[in-house]
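A short write-up of the structure that comes next.
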Amino acid sequence: MKKYRYEYHLNEITPYPLPDHSLFLDIETTGFQRTSTFLTIIGLAWQDKDIIIIEQWLNETGQQEEPLLLLELEHFLTKWNREHGILPKLIHYNGTTFDLPYLKSKYEQYHLPSSLLECTSLDLYHLAKKYRHFLSLDGIKQKNLEECFGLFREDKLSGQELVESYLNSIKHQDPQLLEAYLLHNKEDMEGMVFLQNLVRLDSFFAGHYEVLEWKVNESGDSVFLKLNGDFHLYKPISVSSTKIHFIFEKGTVQIQIPICHMEARFFYDNYKDYYYLPLEDCAMHKSVAGYVEKEYRIKATKETCYTKKTDHFLPLPLPESARLRKKALQECCSLQLFYEAYGDITAYVLKTMEDICNRKIYINRLLQSVL
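According to our numbering, numbering within the sequence shown proceeds without interruption in unit steps and concludes at 1168.
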C-alpha cells in the first residue's frame, strides 16, 4: 500500500471551511460486483486548521492488499474518534448506493471490525438530484455538477479505461500507468470539497440568508427583494414562477413580485360551523348567522365558506401535488392566505405584511417554488 498526500490552503480549492468533523470519502474499485472485484484506492479529505488535506491510499499489488486498506481506514476512524471524541461525518457522492455498501461487504468478507457504518453521512448525489432542475444539469454525475459551479477536470478517461490502466500497471509493474488513475480519484476528492457550494446553496434554500431589501418599486406595481446567501454560482440563473421573477447571481438573489389589486377570498377551515349567505356572498359563523332568517342562509361547504376582501396582494405559489401542498400550507400556517377560488394552487398574502417572521415564511415559500 502506498500513500499520497496533498495539502491546500483554503482559497486554493474552496473559499469555504469544511463542515466541522467532516471527512470526505471516495473509493475506486475494479468493478461494481463486490464479490468479484477488489478495492484499489481509498481517497479521503479533511481540514486541519487552515489546511485541507487529501490523502490517497493505493493498493499497489491487487486483491491481496485489499485488507490492508480496510484496516488502515478503521485505524484512521478510531484515531479520529479518540482525538475528537466523535466519529467524522462522511461526505460522499453516491456513497449511499456504492461506496459505503461496498466497504461494508468487504469488511464482512474479511471478518474485520469496522466503525464506518456508525458514522453519519451526507450524500452530495442526493442534493444534486434535488437541484437538478434548478441548476439545469444535463446529468447528475459529479462532473456535471462541478462544471455547473465552474470546476473543469484534467481527467478525460472513461471508467473502463481507468480500470484497465490500473490492472496493466500491476501486470507490467509500471507506476506511470497509474498516473491517470490517481488523477481521477484526486479530482473526485477536489471536486467534492469544491462542491461545498452545493451544500451552502441548500442551506440558503433552507432559510439561511439575509434580507438586504424589501421595497415597493417607483411605479408601485411590484415588490422588490434582495437576499444575500453564503454561496457562489458560476453563471447567473434567471427563473420565473407565477409571474414572480428571480435572478440568482453569485451569492445574491433578486426577486420581483407583482402587486395584485384584486378581490380575493379567505376560506375558513371549520366550514361545518358556518352558514353561507347567498345574497351577501359570504360565510357567517352559526353563532351569529343563527339570527338570520332561514330562507337567507344555507349550510356552508368548503367552497362557500369564505369572506371576501378587496386589497393589494402578493402571490404565493403552492405545489401542484396535494401532498406537497398540504406540507407547504402547514409551513405557512401563520400567514393569512387568500385565494381567487377554492383549491387554487396560487394563494395571496396582503402586501402590508410587516411582521418579520411572516415575511421570512413567505420568502421561504417563494424560494421553494423554483425547485
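In this text, a Cβ means the ideal position worked out from N, Cα and C, and glycines have one as well. Everything numeric in this text was worked out from a predicted model, so none of it was measured.
Neighbourhood of residue i by C-beta distance below 6 Å, restricted to the same chain and skipping five residues each side
| i | result |
| --- | --- |
| residue 898 | none |
| residue 1134 | 1144 |
| residue 807 | 847 |
| residue 859 | 967 |
| residue 1117 | 1142 |
| residue 1011 | 1022 |
| residue 963 | 837 and 978 |
Whole-Å CB distance - residue i paired with residue j, under 8 Å assumed
| i | j | result |
| --- | --- | --- |
| residue 821 | residue 836 | With a Cβ gap of about 17 Å, residue 821 and residue 836 do not count as contacting. |
| residue 864 | residue 907 | 5 Å |
| residue 1080 | residue 1103 | 6 Å |
| residue 824 | residue 900 | 7 Å |
| residue 1019 | residue 1056 | 6 Å |
Rounded straight-line distance, which links the Cα of residue j to that of residue i
| i | j | result |
| --- | --- | --- |
| residue 1121 | residue 966 | 53 Å |
| residue 930 | residue 1168 | 7 Å |
| residue 1030 | residue 985 | 20 Å |
| residue 1130 | residue 919 | 30 Å |
| residue 890 | residue 818 | 18 Å |
| residue 1060 | residue 1028 | 39 Å |
| residue 1101 | residue 1016 | 36 Å |
| residue 983 | residue 804 | 12 Å |
| residue 1054 | residue 1013 | 9 Å |
Beta carbon of residue i nearer than 7 Å to that of residue j
| i | j | result |
| --- | --- | --- |
| residue 960 | residue 827 | yes |
| residue 866 | residue 849 | no |
| residue 1039 | residue 1112 | yes |
| residue 802 | residue 880 | no |
| residue 870 | residue 799 | no |
| residue 1142 | residue 1115 | yes |
| residue 1032 | residue 1009 | no |
| residue 1095 | residue 1073 | yes |
| residue 1044 | residue 1051 | yes |
| residue 987 | residue 810 | yes |
| residue 868 | residue 844 | no |
Own chain residues within Cβ distance below 7 Å of residue i, not counting five before or after
| i | result |
| --- | --- |
| residue 1048 | 1025, 1026, 1027, 1028 and 1029 |
| residue 884 | 874, 877, 878, 912, 915 and 916 |
| residue 1108 | 1147 |
For this session: Could you name each continuous alpha helix (DSSP H) segment of 4 residues or more that falls completely within the stretch 856-929, going from the start of the chain to the end?
Result: 863-881, 896-906 and 921-927
For this session: Can you check the stretch 1027-1108 for any alpha helix (DSSP H) of at least 4 residues that lies completely inside it and give the ranges in chain order?
Result: 1083-1086
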